[in-house]
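Residue numbers (the numbering used here), protein chains in the order written: chain A, 2 to 304; chain B, 2 to 297. Every residue, glycine too, gets a C-beta built ideally from N, C-alpha and C.
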């Protein structure tokens, strides 16, 4: 049972990571910096609960704010460029954050132990959950409460004017600009929202793994972050959730019995999925069909 | 700084510039594909390393001359490049940039895993040419194998430029990159040109992979991600779609990287390379030599 609870924790945190990239992708920008914001959130939240002895929720909020502020600061210079340039700029930012934490040491004496981030060895002893007697199930429920909250907010945003503005910028910048939308402001806000969500996810990640180090936040994590929304499709937040369950639940855990071949299949299946469904697993057409299926009864009743 | 430090600094810059030829070749590959298709092929560096591995596997039985290994790497690179085009680009609508980006990420992971799977993750030794030759110039030593790598890189660039500017194929490639619709109206098949671009960049990538193997002395699948990042940085610093830009940026990045390593140590080296890129993005976002119509 613990295995499945652990898997649910992983899926929850990766959903947050995917949703952070989803926000940015809605405006048509590909950002590989999400792993960097995730790392910032993880280190900030970890340092606040371990070194400053803060309670968890203020630490998570602070991590989200710091990551969001960083995203906003990065957004201004990075969003001057588009397409490939932005991909490279954001990869470089993510790698710079990773290399910063690789060289970052800040330790305090606590009894006989020295605690805090220690360069290449990483940051150990983030023991907030065990120290406060949270069970694995409690942690899982807490993570999913955050995920549900974020998804609900994003779903609501998608249906509001703000969502329409984001999608308008993503579909056609020129047309959006000519209707009076300030595209730089829209893109930077999307980047900031993405940073906040990634920071939250990173804070949760640091606390359930209890040990973080720089290699966890490399280019691979960044590509996973954009892989979820692209594979799932940008039509709805549920596409991202579906892709996370597909990748983490099926491709990574479900295929474990295949041993070495699992990793081979992993890349191959992504390529296959993109060939078969270039607009994502849950694209606009499928979504419409599902909606018709669910609401058919209601429409008849109205008619 | 006394004289001895100065000599050491110049020496490390020289080594770095020689090694930078490999970055330049990778940068050319990214820039050519971008110039023709406006697409990023993130699997390119992984394919280069894969081609170098394939050349070792093909010639594992026979005791081949290192030069043969290099030729085999180029051939394998061409084949892998064509396969990447077929699997990752041919059947995906080109109007959707995210789909091809994702498919090349999938291919990057796939190639890495194929390498790990066939070699059990053990790094392989790679043959070098002229490894025992050391040229002395005053107080400086130039390693023969690095000089050979540099010369080979320059040769490839010259051949590529001749191909682009002196042959029918090059004319077609440039036409497609400038005006795809007009090129199609003149009877140029875009699909064929795209496939050929992938094969040509695959050749270059194979040679770059072999050069990296020869310069480092071994091959490991761990090389592919850092090389992808370095190749992309070189492409952006040089200016998207600009071949001379990629060459110069490759050599500059190679040289500066060694300077950073000399002064700040290996763990901080790449941090400064990233900062260099940010400096370019802020002060010169179009790179050294961007062509005016490739801005966005």
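Proximal residues of chain A, C-beta to C-beta of residue 271 (chain B) below 9 Å
96, 97 and 100
Pull the bridge partners of residue 123 (chain A) from the DSSP assignment, please.
A:119
From the beta carbon of residue 251 (chain A), is the nearest beta carbon of chain B less than 8 Å away?
no
Rounded to a whole number of angstroms, what is the C-alpha to C-alpha distance between residue 275 (chain B) and residue 186 (chain A)?
26 Å
Check the C-beta distance from residue 246 (chain B) over to residue 289 (chain B) and give it rounded, since I have them as a contact under 8 Å.
5 Å
If we count the other Cβ atoms within 10 Å of its Cβ and call it buried at 16 or more, is residue 155 (chain B) buried or exposed?
exposed
Among B:85, B:123, B:122 and B:121, which residue has its Cα nearest to the Cα of residue 105 (chain B)?
B:85
When burial is assigned at 16 or more other CB atoms within 10 Å of the CB, is residue 170 (chain A) buried or exposed?
buried
Note down, in chain order, all residues in the region 24–54 of chain B with a beta-carbon under 7 Å from any beta-carbon belonging to chain A.
35 and 41
I want to know whether the region 217–233 of chain A touches the region 159–168 of chain A - three or more CB-CB distances under 8 Å.
no
Report the CB separation of residue 95 (chain A) from residue 33 (chain A) in whole angstroms; it is logged as a contact under 8 Å.
6 Å
From the DSSP output, which residues share a beta bridge with residue 125 (chain B)?
B:220
Nearest to residue 120 (chain A) by alpha carbon, out of B:30, B:204, B:99 and B:268?
B:268
Measure the Cβ-Cβ separation of residue 127 (chain A) and residue 65 (chain A) and say whether it is below 8 Å.
no
Please compile the residues from chain A whose C-beta is within a distance smaller than 8 Å of the C-beta of residue 151 (chain B).
None at all; the shortest Cβ gap to chain A is about 25 Å.
Does the distance from the CB of residue 243 (chain A) to the CB of residue 25 (chain A) come in under 8 Å?
no
Would you decide whether residue 198 (chain B) is buried or exposed? Buried here means 16 or more other CB atoms lie within 10 Å of its CB.
buried
Ignoring anything shorter than 4 residues, give me the alpha helix (DSSP H) runs that lie fully in the region 202–288 of chain B, in order along the chain.
225–239, 244–265 and 267–284
Can we say the region 28–41 of chain B touches the region 84–101 of chain B, given the rule of at least three CB pairs closer than 8 Å?
yes
If you measure between the beta carbons of residue 73 (chain B) and residue 49 (chain B), is that distance less than 8 Å?
no
Within 10 Å of its beta-carbon, does residue 8 (chain B) have 16 or more other beta-carbons around it, so buried, or fewer, so exposed?
exposed
Shortest alpha-carbon distance to residue 218 (chain A) belongs to which of A:35, A:247 and A:30?
A:35
Report all residues from its chain with a CB closer than 8 Å to the CB of residue 3 (chain B); omit the five preceding and five following residues, and keep chain order.
none
8 Å is my cut-off, CB to CB: does residue 267 (chain A) come that close to chain B?
yes
Touching by the beta-carbon criterion (3+ pairs, under 8 Å), the region 256–276 of chain A and the region 98–113 of chain B:
yes
Would you check if the distance between the CB atom of residue 196 (chain A) and the CB atom of residue 68 (chain A) is smaller than 8 Å?
yes
If you draw a straight line from the alpha carbon of residue 99 (chain B) to that of residue 52 (chain B), how long is it in whole angstroms?
26 Å
Against chain B, does residue 293 (chain A) count as a neighbour if the rule is that its beta carbon must be under 8 Å from one of theirs?
no
If we ignore side chains and look at the alpha-carbon of each, how far apart do residue 74 (chain A) and residue 273 (chain B) end up?
19 Å
Within 8 Å (strictly less), CB to CB, does residue 250 (chain B) reach chain A?
no
Alpha-carbon spacing of residue 81 (chain B) relative to residue 214 (chain B), whole angstroms
18 Å
Any Cβ of chain B within less than 8 Å of the Cβ of residue 261 (chain A)?
yes
Give the residues of chain A in contact with residue 258 (chain B), contact being defined as C-beta atoms less than 9 Å apart.
The contacting residues do not exist; residue 258 (chain B) stays about 13 Å from chain A at best.
Give me the Cβ distance between residue 236 (chain B) and residue 32 (chain B), rounded to the nearest whole Å; I'm assuming they're in contact under 8 Å.
5 Å
Looking only at DSSP bridge pairs, what is residue 141 (chain B) linked to?
B:138
Can you round the beta-carbon distance between residue 147 (chain A) and residue 205 (chain A) to whole angstroms, since I take them to be within the 8 Å contact cut?
7 Å
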